[in-house]
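First comes the structure, then the notes that go with it.
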Amino acid sequence: MHIDEWLSSRLAKMKAAGLYRSLKLPQAERTNWASNDYLGLANDKRLIHAAQTALRSFGAGSTGSRLTSGNTVWHEKLERKIADFKQTEAALLFSSGYLANVGVLSSLPEIGDVILSDQLNHASLIDGCRLSKADTVVYRHTDMNDLEEKLRAAQSCTRRFIVTDGVFSMDGTIAPLDEIMLLAKQYRAFVIVDDAHATGVLGEAGRGTSEFFGVSPDVVIGTLSKAVGAEGGFVAGSKTLIDFLLNHARTFIFQTAVPPASCAAACRAFDIIEDSRDKRRLLQSSVNTIKRRLEDIGFTVKGGATPIIPVMIGDPQKAVRFANGLKEKGIEAPAIRPPTVAEGESRIRLTVTADRRLRDIEDLLEGFKLMGRELNLVK
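The UniProt record's numbering applies: residue 1 is where the sequence shown begins, and numbers increase by one.
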(Lines of atoms letter the chains of each structure in order from A and count residues from 1; the text may use other names and numbers.)
(Lines give C-alpha, C1' and ligand atoms only; values in the text may rest on other atoms or scores of the structure.)
Protein backbone atom coordinates (compact mmCIF):
# COMPACT_ATOMS: atom_id res chain seq x y z
CA MET A 1 0.00 0.00 0.00
CA HIS A 2 1.24 3.49 -0.85
CA ILE A 3 1.60 5.74 2.19
CA ASP A 4 -0.94 8.22 0.75
CA GLU A 5 -3.61 5.48 0.56
CA TRP A 6 -3.16 4.67 4.22
CA LEU A 7 -3.17 8.33 5.28
CA SER A 8 -6.15 9.16 3.04
CA SER A 9 -8.20 6.42 4.70
CA ARG A 10 -7.39 7.84 8.12
CA LEU A 11 -8.28 11.37 7.00
CA ALA A 12 -11.56 10.10 5.51
CA LYS A 13 -12.53 8.64 8.89
CA MET A 14 -11.80 12.00 10.54
CA LYS A 15 -13.97 13.81 7.99
CA ALA A 16 -16.84 11.36 8.51
CA ALA A 17 -16.67 11.92 12.27
CA GLY A 18 -16.61 15.71 11.91
CA LEU A 19 -13.07 15.89 13.33
CA TYR A 20 -11.13 17.02 10.23
CA ARG A 21 -9.18 20.27 10.50
CA SER A 22 -7.73 22.62 7.91
CA LEU A 23 -6.01 26.00 7.84
CA LYS A 24 -7.86 29.15 6.82
CA LEU A 25 -6.74 32.75 6.62
CA PRO A 26 -8.55 35.14 8.98
CA GLN A 27 -11.09 37.39 7.34
CA ALA A 28 -10.77 41.09 8.12
CA GLU A 29 -14.52 41.58 8.09
CA ARG A 30 -15.02 39.06 10.92
CA THR A 31 -14.79 39.91 14.61
CA ASN A 32 -12.18 37.64 16.18
CA TRP A 33 -13.40 35.77 19.27
CA ALA A 34 -10.59 33.20 19.06
CA SER A 35 -7.57 35.35 19.94
CA ASN A 36 -5.48 34.90 23.10
CA ASP A 37 -4.35 38.54 22.88
CA TYR A 38 -6.29 39.25 26.08
CA LEU A 39 -5.07 42.81 26.66
CA GLY A 40 -4.86 43.79 22.99
CA LEU A 41 -1.09 44.29 23.12
CA ALA A 42 -0.06 42.37 19.99
CA ASN A 43 -0.82 45.43 17.84
CA ASP A 44 0.03 48.04 20.44
CA LYS A 45 2.18 50.78 18.88
CA ARG A 46 4.53 50.79 21.87
CA LEU A 47 5.39 47.11 21.38
CA ILE A 48 5.76 47.55 17.63
CA HIS A 49 8.13 50.49 18.13
CA ALA A 50 10.24 48.49 20.61
CA ALA A 51 10.45 45.58 18.15
CA GLN A 52 11.37 47.87 15.25
CA THR A 53 14.18 49.45 17.25
CA ALA A 54 15.62 46.03 18.11
CA LEU A 55 15.22 44.86 14.50
CA ARG A 56 17.42 47.69 13.26
CA SER A 57 20.15 46.83 15.77
CA PHE A 58 20.00 43.03 15.91
CA GLY A 59 18.34 41.89 12.68
CA ALA A 60 15.38 39.61 12.02
CA GLY A 61 16.63 36.39 13.61
CA SER A 62 18.69 35.28 16.60
CA THR A 63 21.08 33.16 14.42
CA GLY A 64 21.53 30.32 16.91
CA SER A 65 20.89 28.90 20.35
CA ARG A 66 21.48 30.98 23.47
CA LEU A 67 24.54 28.85 24.27
CA THR A 68 26.20 29.54 20.89
CA SER A 69 25.51 32.76 18.98
CA GLY A 70 21.93 33.61 19.95
CA ASN A 71 22.29 35.39 23.29
CA THR A 72 21.78 39.18 23.32
CA VAL A 73 21.25 41.93 25.86
CA TRP A 74 17.53 41.78 25.03
CA HIS A 75 17.27 38.13 26.10
CA GLU A 76 18.93 38.85 29.42
CA LYS A 77 16.95 42.05 29.98
CA LEU A 78 13.69 40.17 29.36
CA GLU A 79 14.64 37.38 31.75
CA ARG A 80 15.27 39.95 34.50
CA LYS A 81 11.96 41.62 33.64
CA ILE A 82 10.07 38.29 33.87
CA ALA A 83 11.71 37.39 37.19
CA ASP A 84 10.78 40.79 38.63
CA PHE A 85 7.23 40.49 37.30
CA LYS A 86 6.74 36.96 38.62
CA GLN A 87 8.57 37.87 41.85
CA THR A 88 11.10 35.05 41.54
CA GLU A 89 14.89 34.99 41.69
CA ALA A 90 15.44 34.25 38.01
CA ALA A 91 13.84 33.27 34.70
CA LEU A 92 14.82 31.45 31.51
CA LEU A 93 13.48 32.07 28.01
CA PHE A 94 12.30 29.31 25.68
CA SER A 95 11.17 29.64 22.06
CA SER A 96 7.59 28.76 23.04
CA GLY A 97 5.51 27.85 26.05
CA TYR A 98 5.20 24.34 24.63
CA LEU A 99 8.98 23.93 24.66
CA ALA A 100 9.18 25.33 28.18
CA ASN A 101 6.69 22.75 29.50
CA VAL A 102 8.38 19.87 27.71
CA GLY A 103 11.81 21.08 28.83
CA VAL A 104 10.87 21.27 32.51
CA LEU A 105 9.09 17.93 32.72
CA SER A 106 11.62 15.98 30.66
CA SER A 107 14.54 17.19 32.78
CA LEU A 108 13.40 17.72 36.40
CA PRO A 109 11.63 14.48 37.51
CA GLU A 110 13.85 11.39 37.57
CA ILE A 111 13.46 7.61 37.77
CA GLY A 112 11.75 6.80 41.06
CA ASP A 113 9.81 10.07 41.11
CA VAL A 114 6.11 10.51 40.35
CA ILE A 115 4.26 13.28 38.51
CA LEU A 116 0.67 13.96 39.57
CA SER A 117 -0.97 15.63 36.57
CA ASP A 118 -4.43 17.23 36.33
CA GLN A 119 -6.74 15.38 33.96
CA LEU A 120 -7.27 18.46 31.76
CA ASN A 121 -3.69 19.70 31.56
CA HIS A 122 -2.50 21.17 28.26
CA ALA A 123 -1.08 18.83 25.61
CA SER A 124 2.41 20.26 26.14
CA LEU A 125 2.34 19.23 29.81
CA ILE A 126 1.07 15.79 28.83
CA ASP A 127 3.85 15.43 26.26
CA GLY A 128 6.40 16.54 28.85
CA CYS A 129 5.13 13.85 31.22
CA ARG A 130 5.46 11.25 28.47
CA LEU A 131 9.10 12.24 27.93
CA SER A 132 9.89 12.21 31.64
CA LYS A 133 11.74 9.33 33.32
CA ALA A 134 9.26 9.52 36.20
CA ASP A 135 5.92 7.74 36.44
CA THR A 136 2.81 9.84 35.77
CA VAL A 137 -0.44 9.55 37.70
CA VAL A 138 -3.46 11.54 36.51
CA TYR A 139 -5.87 13.01 39.06
CA ARG A 140 -9.44 14.10 38.36
CA HIS A 141 -9.79 17.69 37.18
CA THR A 142 -9.26 20.09 40.13
CA ASP A 143 -10.40 17.31 42.52
CA MET A 144 -8.34 17.87 45.66
CA ASN A 145 -9.66 14.75 47.38
CA ASP A 146 -8.47 12.62 44.47
CA LEU A 147 -5.13 14.45 44.39
CA GLU A 148 -4.61 13.83 48.11
CA GLU A 149 -5.49 10.16 47.73
CA LYS A 150 -2.90 9.80 44.96
CA LEU A 151 -0.30 11.77 46.94
CA ARG A 152 -0.84 9.45 49.88
CA ALA A 153 -0.35 6.42 47.63
CA ALA A 154 2.87 7.93 46.23
CA GLN A 155 4.66 8.50 49.53
CA SER A 156 7.15 5.73 48.79
CA CYS A 157 8.32 7.55 45.64
CA THR A 158 11.55 9.52 45.85
CA ARG A 159 9.96 12.85 44.90
CA ARG A 160 6.43 13.99 44.06
CA PHE A 161 5.67 16.69 41.47
CA ILE A 162 2.18 18.20 41.19
CA VAL A 163 1.69 19.59 37.69
CA THR A 164 -1.24 21.81 36.73
CA ASP A 165 -2.38 24.51 34.38
CA GLY A 166 -3.07 27.76 36.22
CA VAL A 167 -6.02 28.43 33.91
CA PHE A 168 -7.23 25.49 31.82
CA SER A 169 -7.22 26.41 28.16
CA MET A 170 -10.35 24.58 27.01
CA ASP A 171 -12.54 24.97 30.12
CA GLY A 172 -11.44 28.37 31.42
CA THR A 173 -11.41 27.05 34.99
CA ILE A 174 -8.80 28.16 37.53
CA ALA A 175 -6.72 25.57 39.39
CA PRO A 176 -7.24 25.78 43.18
CA LEU A 177 -3.59 26.65 43.65
CA ASP A 178 -3.99 27.57 47.31
CA GLU A 179 -5.30 24.09 48.11
CA ILE A 180 -2.67 22.45 45.91
CA MET A 181 0.08 24.28 47.79
CA LEU A 182 -1.29 23.08 51.14
CA LEU A 183 -1.32 19.47 49.93
CA ALA A 184 2.18 19.90 48.52
CA LYS A 185 3.44 21.05 51.92
CA GLN A 186 1.69 18.20 53.70
CA TYR A 187 3.03 15.51 51.35
CA ARG A 188 6.40 17.14 50.58
CA ALA A 189 5.69 17.64 46.88
CA PHE A 190 6.96 20.20 44.38
CA VAL A 191 4.43 22.29 42.44
CA ILE A 192 4.79 23.14 38.74
CA VAL A 193 2.26 25.60 37.29
CA ASP A 194 1.74 26.48 33.63
CA ASP A 195 0.43 30.04 33.86
CA ALA A 196 0.05 30.61 30.11
CA HIS A 197 -3.55 31.84 30.26
CA ALA A 198 -3.24 33.58 33.65
CA THR A 199 -0.19 35.79 33.06
CA GLY A 200 -1.35 39.35 32.46
CA VAL A 201 -4.94 38.48 33.36
CA LEU A 202 -5.24 37.22 36.95
CA GLY A 203 -4.13 39.12 40.03
CA GLU A 204 -4.18 42.84 40.75
CA ALA A 205 -0.98 43.44 38.76
CA GLY A 206 -1.64 40.59 36.31
CA ARG A 207 1.09 38.36 37.74
CA GLY A 208 -1.07 35.25 37.37
CA THR A 209 -2.38 32.53 39.65
CA SER A 210 0.46 32.96 42.16
CA GLU A 211 -0.64 36.53 42.83
CA PHE A 212 -4.33 35.61 42.57
CA PHE A 213 -3.98 33.09 45.43
CA GLY A 214 -1.02 34.68 47.23
CA VAL A 215 1.22 31.61 46.93
CA SER A 216 4.67 30.76 45.53
CA PRO A 217 4.90 27.53 43.48
CA ASP A 218 8.32 25.95 42.94
CA VAL A 219 8.18 26.35 39.15
CA VAL A 220 6.13 28.85 37.15
CA ILE A 221 5.92 28.38 33.38
CA GLY A 222 4.41 30.89 30.98
CA THR A 223 4.17 32.18 27.47
CA LEU A 224 4.79 35.53 25.82
CA SER A 225 2.28 34.84 23.03
CA LYS A 226 -1.00 35.45 24.86
CA ALA A 227 -1.65 38.49 27.08
CA VAL A 228 1.96 39.64 26.62
CA GLY A 229 1.32 40.01 22.89
CA ALA A 230 4.75 38.82 21.69
CA GLU A 231 6.39 35.42 21.11
CA GLY A 232 8.20 32.82 23.21
CA GLY A 233 7.91 31.05 26.55
CA PHE A 234 9.62 31.16 29.94
CA VAL A 235 10.26 29.41 33.23
CA ALA A 236 10.52 31.43 36.46
CA GLY A 237 11.84 30.23 39.80
CA SER A 238 14.97 30.06 41.91
CA LYS A 239 18.45 30.76 40.52
CA THR A 240 19.36 27.12 41.11
CA LEU A 241 16.33 25.92 39.14
CA ILE A 242 17.18 28.17 36.20
CA ASP A 243 20.84 27.12 36.26
CA PHE A 244 19.76 23.47 36.23
CA LEU A 245 17.39 23.96 33.28
CA LEU A 246 20.01 25.90 31.32
CA ASN A 247 22.25 22.84 31.65
CA HIS A 248 19.68 20.03 31.34
CA ALA A 249 16.57 21.11 29.39
CA ARG A 250 17.10 19.85 25.84
CA THR A 251 14.37 22.16 24.51
CA PHE A 252 16.47 25.09 25.75
CA ILE A 253 19.93 23.82 24.84
CA PHE A 254 19.07 22.81 21.27
CA GLN A 255 16.52 25.49 20.37
CA THR A 256 17.13 28.58 18.27
CA ALA A 257 16.69 31.57 20.56
CA VAL A 258 13.65 33.85 20.42
CA PRO A 259 14.37 36.75 18.02
CA PRO A 260 15.68 39.85 19.86
CA ALA A 261 12.84 41.95 18.43
CA SER A 262 10.29 39.71 20.17
CA CYS A 263 12.23 40.08 23.42
CA ALA A 264 12.18 43.86 23.10
CA ALA A 265 8.43 43.86 22.48
CA ALA A 266 7.83 41.60 25.48
CA CYS A 267 9.96 43.83 27.73
CA ARG A 268 7.75 46.78 26.83
CA ALA A 269 4.63 44.68 27.35
CA PHE A 270 5.50 43.79 30.95
CA ASP A 271 5.81 47.50 31.77
CA ILE A 272 2.33 48.04 30.35
CA ILE A 273 0.73 44.97 31.97
CA GLU A 274 1.47 46.09 35.52
CA ASP A 275 -0.34 49.38 34.83
CA SER A 276 -3.31 47.75 33.06
CA ARG A 277 -5.60 47.32 36.06
CA ASP A 278 -8.45 49.18 34.35
CA LYS A 279 -8.11 46.95 31.28
CA ARG A 280 -8.31 43.83 33.44
CA ARG A 281 -11.43 45.15 35.17
CA LEU A 282 -13.02 45.95 31.80
CA LEU A 283 -12.10 42.50 30.54
CA GLN A 284 -13.67 40.81 33.55
CA SER A 285 -16.82 42.90 33.19
CA SER A 286 -17.17 41.84 29.54
CA VAL A 287 -16.65 38.18 30.48
CA ASN A 288 -19.33 38.34 33.17
CA THR A 289 -21.81 40.02 30.80
CA ILE A 290 -21.27 37.52 27.97
CA LYS A 291 -21.55 34.46 30.24
CA ARG A 292 -24.72 35.72 31.91
CA ARG A 293 -26.39 36.63 28.62
CA LEU A 294 -25.47 33.30 26.96
CA GLU A 295 -26.97 31.42 29.91
CA ASP A 296 -30.10 33.58 29.65
CA ILE A 297 -30.42 32.51 26.00
CA GLY A 298 -30.30 28.87 27.13
CA PHE A 299 -26.72 27.73 26.52
CA THR A 300 -24.66 25.70 28.95
CA VAL A 301 -21.55 27.74 29.66
CA LYS A 302 -18.43 26.50 31.46
CA GLY A 303 -15.45 28.44 32.77
CA GLY A 304 -14.39 30.52 35.73
CA ALA A 305 -13.38 34.15 36.19
CA THR A 306 -11.21 34.08 33.06
CA PRO A 307 -11.52 35.30 29.45
CA ILE A 308 -12.04 31.72 28.18
CA ILE A 309 -15.74 30.94 27.73
CA PRO A 310 -16.63 27.41 26.52
CA VAL A 311 -20.18 27.18 25.17
CA MET A 312 -21.16 23.51 25.17
CA ILE A 313 -22.61 21.98 21.98
CA GLY A 314 -21.93 18.24 22.46
CA ASP A 315 -22.00 16.81 18.94
CA PRO A 316 -18.83 17.62 16.92
CA GLN A 317 -20.65 18.00 13.60
CA LYS A 318 -23.16 20.41 15.15
CA ALA A 319 -20.26 22.35 16.63
CA VAL A 320 -18.69 22.71 13.17
CA ARG A 321 -22.02 23.80 11.65
CA PHE A 322 -22.44 26.29 14.49
CA ALA A 323 -18.97 27.78 13.94
CA ASN A 324 -19.52 27.97 10.17
CA GLY A 325 -22.85 29.71 10.73
CA LEU A 326 -21.17 32.26 12.98
CA LYS A 327 -18.57 32.92 10.27
CA GLU A 328 -21.35 33.77 7.83
CA LYS A 329 -22.54 36.32 10.39
CA GLY A 330 -19.08 37.89 10.68
CA ILE A 331 -18.03 36.13 13.88
CA GLU A 332 -14.84 34.07 14.20
CA ALA A 333 -15.25 31.54 17.04
CA PRO A 334 -13.77 28.04 16.66
CA ALA A 335 -15.41 24.67 17.17
CA ILE A 336 -13.35 22.59 19.60
CA ARG A 337 -13.74 18.84 19.09
CA PRO A 338 -12.13 15.55 20.15
CA PRO A 339 -9.32 14.74 20.68
CA THR A 340 -8.77 18.28 22.04
CA VAL A 341 -11.76 17.71 24.36
CA ALA A 342 -13.53 14.54 25.49
CA GLU A 343 -16.16 12.75 23.42
CA GLY A 344 -19.54 14.44 23.77
CA GLU A 345 -17.99 17.72 24.93
CA SER A 346 -17.54 19.56 21.63
CA ARG A 347 -17.95 23.28 22.11
CA ILE A 348 -17.57 26.75 20.75
CA ARG A 349 -14.63 28.30 22.57
CA LEU A 350 -14.81 32.06 23.01
CA THR A 351 -11.89 34.13 24.19
CA VAL A 352 -12.68 37.67 25.27
CA THR A 353 -10.18 40.50 24.81
CA ALA A 354 -10.13 43.93 26.41
CA ASP A 355 -10.60 45.72 23.08
CA ARG A 356 -14.04 44.22 22.36
CA ARG A 357 -16.68 46.94 21.98
CA LEU A 358 -20.26 46.78 23.27
CA ARG A 359 -21.43 46.50 19.65
CA ASP A 360 -19.16 43.47 19.15
CA ILE A 361 -20.67 41.79 22.20
CA GLU A 362 -24.24 42.43 21.05
CA ASP A 363 -23.44 41.03 17.59
CA LEU A 364 -21.90 37.94 19.19
CA LEU A 365 -24.92 37.28 21.38
CA GLU A 366 -27.32 37.76 18.47
CA GLY A 367 -25.27 35.32 16.38
CA PHE A 368 -25.39 32.72 19.13
CA LYS A 369 -29.13 33.15 19.56
CA LEU A 370 -29.78 32.66 15.83
CA MET A 371 -27.48 29.65 15.45
CA GLY A 372 -28.76 28.07 18.65
CA ARG A 373 -32.32 28.19 17.34
CA GLU A 374 -31.31 27.02 13.87
CA LEU A 375 -29.66 23.90 15.31
CA ASN A 376 -32.38 23.34 17.96
CA LEU A 377 -29.95 23.91 20.81
CA VAL A 378 -32.04 26.63 22.47
CA LYS A 379 -35.67 27.70 22.28
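Just so you know, even glycine gets a beta-carbon here, dropped at the ideal spot from N, CA and C.
Review point. Residue 236 bridges to which residues according to DSSP?
Key: To locate residue 236, count along the sequence shown from 1; it is residue 236. Beta-bridge pairing links residue 236 to 91 and 220.
Practice item. Determine the extent of the alpha helix (DSSP H) in which residue 253 is found, giving its start and end residues. Key: Within the sequence shown, residue 253 is the residue found at index 253, counting from 1. It spans 250-253 - the alpha helix (DSSP H) in which residue 253 sits, taken as one unbroken run.
Check your understanding: Which parts of the segment 143-204 are runs of the beta strand (DSSP E), unbroken and 3 residues or longer, counting only runs that do not cross its ends?
Key -> 160-165 and 189-194
Review point. Do you know offhand how far residue 125's Cα is from residue 101's?
Key: By one-based count along the sequence shown, residue 125 stands at place 125. By one-based count along the sequence shown, residue 101 stands at place 101. Roughly 6 Å between the two C-alpha positions.
Check your understanding: Are the segment 110-117 and the segment 129-148 in contact at 8 Å, needing three or more beta carbon pairs?
Key -> yes
Exercise for review: Please go through the same chain and pick out, in chain order, the residues whose beta-carbon is closer than 6 Å to the beta-carbon of residue 387, but skip the five residues on each side of it.
Suggested key: Here the chain has residues from 1 to 379 only, and residue 387 is not among them.
Point to revise | residue 139: first and last residue of the uninterrupted beta strand (DSSP E) it sits in | key: By 1-based counting over the sequence shown, the position of residue 139 is 139. Unbroken beta strand (DSSP E) run through residue 139: 135-139.
Check your understanding: Opposite residue 118 in the DSSP bridges: which residues?
Key -> The count along the sequence shown starts at 1 and reaches residue 118 at position 118. DSSP, once it has assigned bridges, lists 139 as partnering residue 118.
Exercise for review: Give the range of the beta strand (DSSP E) segment to which residue 126 is assigned.
Suggested key: To locate residue 126, count along the sequence shown from 1; it is residue 126. Here residue 126 belongs to no beta strand (DSSP E); instead the alpha helix (DSSP H) covers 123-131.
Point to revise | Range of the contiguous alpha helix (DSSP H) that encloses residue 225 | key: To locate residue 225, count along the sequence shown from 1; it is residue 225. Looking at the DSSP string, residue 225 is not in any alpha helix (DSSP H), and its letter there is neither H nor E.
Check your understanding: What is the C-beta distance between residue 121 and residue 332, in whole angstroms, given that I count them as a contact (C-beta under 8 Å)?
Key -> Mapped onto the sequence shown, residue 121 falls at position 121. Mapped onto the sequence shown, residue 332 falls at position 332. Incorrect: roughly 27 Å between the Cβ atoms, too far for contact.
Exercise for review: Express the C-alpha separation of residue 158 and residue 40 in angstroms, rounding to a whole number.
Suggested key: What you label residue 40 is simply residue 40 of the sequence shown in a count that begins at 1. What you label residue 158 is simply residue 158 of the sequence shown in a count that begins at 1. Distance between the alpha carbons of residue 40 and residue 158 is about 44 Å.
Check your understanding: Ordered along the chain, which non-local residues of its own chain (more than five positions away) have a Cβ less than 7 Å from that of residue 106?
Key -> Within the sequence shown, the letter at position 106 stands for residue 106. The residues are 128, 131, 132 and 250.
**Study point:** the segment 276-285 / the segment 232-246 touching (three or more Cβ pairs under 8 Å)
**Key:** no
Check your understanding: Are at least three pairs of beta-carbons, each pair with one atom in the segment 173-180 and one in the segment 144-162, less than 8 Å apart?
Key -> yes
**Study point:** Close beta carbons around residue 354, own chain, < 6 Å, minus the five adjacent residues each side
**Key:** Looking up residue 354 in the sequence shown gives position 354. So the qualifying residues of the chain are 39, 40, 279, 282 and 283.
Check your understanding: For residue 305, does the three-state DSSP call read helix, strand or coil?
Key -> For the purposes of this step, residue 305 is taken as residue 305 along the sequence shown, with counting starting at 1. Coil.
Exercise for review: Starting from residue 293, follow the alpha helix (DSSP H) in both directions and report where the run begins and ends.
Suggested key: As a working mapping, residue 293 is identified with position 293 in the sequence shown. From DSSP, the alpha helix (DSSP H) with residue 293 extends over 277-297.
Check your understanding: Is the distance from the Cβ of residue 290 to the Cβ of residue 361 below 8 Å?
Key -> Against the sequence shown, residue 290 aligns to sequence position 290. Against the sequence shown, residue 361 aligns to sequence position 361. Cβ atoms of residue 290 and residue 361: closer than 8 Å.
Check your understanding: Over what stretch of residues does the beta strand (DSSP E) that includes residue 349 continue unbroken?
Key -> Position 349 of the sequence shown holds residue 349. Run containing residue 349: 346-351, per the beta strand (DSSP E) assignment.
Check your understanding: Between residue 7 and residue 23, what straight-line distance do the alpha-carbon atoms span, to the nearest angstrom?
Key -> As a working mapping, residue 7 is identified with position 7 in the sequence shown. As a working mapping, residue 23 is identified with position 23 in the sequence shown. Cα to Cα, the separation comes out at about 18 Å.
Check your understanding: Which one or two residues does DSSP pair with residue 31 in a beta bridge?
Key -> Translated into the one-based positions of the sequence shown, residue 31 becomes position 31. According to DSSP, which records beta bridges pairwise, residue 31 is partnered with 331.
Point to revise | Simplified DSSP assignment, three categories, for residue 1 | key: Here residue 1 is taken as the residue at index 1 of the sequence shown, counted from 1. Residue 1 falls in the coil class under three-state DSSP.
Exercise for review: Please say whether residue 219 and residue 192 have beta carbons closer to each other than 8 Å?
Suggested key: Against the sequence shown, residue 192 aligns to sequence position 192. Against the sequence shown, residue 219 aligns to sequence position 219. Contact: yes.
Point to revise | Residues bridged to residue 312 (per DSSP) | key: Numbered from 1 along the sequence shown, position 312 holds the residue referred to as residue 312. For residue 312, which the question treats as bridged, DSSP gives the partners 347.
Practice item. Quick one: measure Cβ to Cβ for residue 53 and residue 264, integer angstroms, because I've assumed they're closer than 8 Å. Key: Position 53 of the sequence shown holds residue 53. Position 264 of the sequence shown holds residue 264. Indeed they touch by this definition, with Cβ atoms about 7 Å apart.
**Study point:** Collapsed DSSP secondary structure at residue 111 in the structure displayed
**Key:** The residue labelled residue 111 in the question sits at position 111 within the sequence shown. Three-state DSSP puts residue 111 in coil, outside helix and strand.
Practice item. Going by CA-CA distance only, name the one from 68, 29, 62 and 166 that's closest to residue 305. Key: On the sequence shown, position 305 is the one that residue 305 refers to. Ranking 68, 29, 62 and 166 by Cα distance to residue 305 puts 166 first.
Point to revise | Terminal residues of the alpha helix (DSSP H) in which residue 37 lies | key: Reading the sequence shown from its first residue, position 37 is the one you call residue 37. Where residue 37 is concerned, there is no enclosing alpha helix (DSSP H), given that its DSSP letter is neither H nor E.
**Study point:** Environment of residue 309 [buried if 16+ CB atoms lie within 10 Å]
**Key:** The residue you call residue 309 lines up with position 309 of the sequence shown. It is buried - the Cβ of residue 309 has at least 16 other Cβ atoms within 10 Å.
Point to revise | Close-in-space but distant-in-sequence residues of the same chain around residue 20 (CB under 8 Å, 5 per side omitted) | key: Stepping through the sequence shown from its first residue, residue 20 is reached at position 20. The answer, listed in chain order, is 11 and 14.
Check your understanding: Should residue 286 and residue 359 be called a contact, given that it needs their Cβ atoms to be closer than 8 Å?
Key -> Numbered from 1 along the sequence shown, position 286 holds the residue referred to as residue 286. Numbered from 1 along the sequence shown, position 359 holds the residue referred to as residue 359. Contact: no.
Review point. With burial defined as no fewer than 16 other Cβ atoms inside 10 Å of the residue's Cβ, what is the status of residue 3: buried or exposed?
Key: Translated into the one-based positions of the sequence shown, residue 3 becomes position 3. Per the 10 Å Cβ criterion, exposed.
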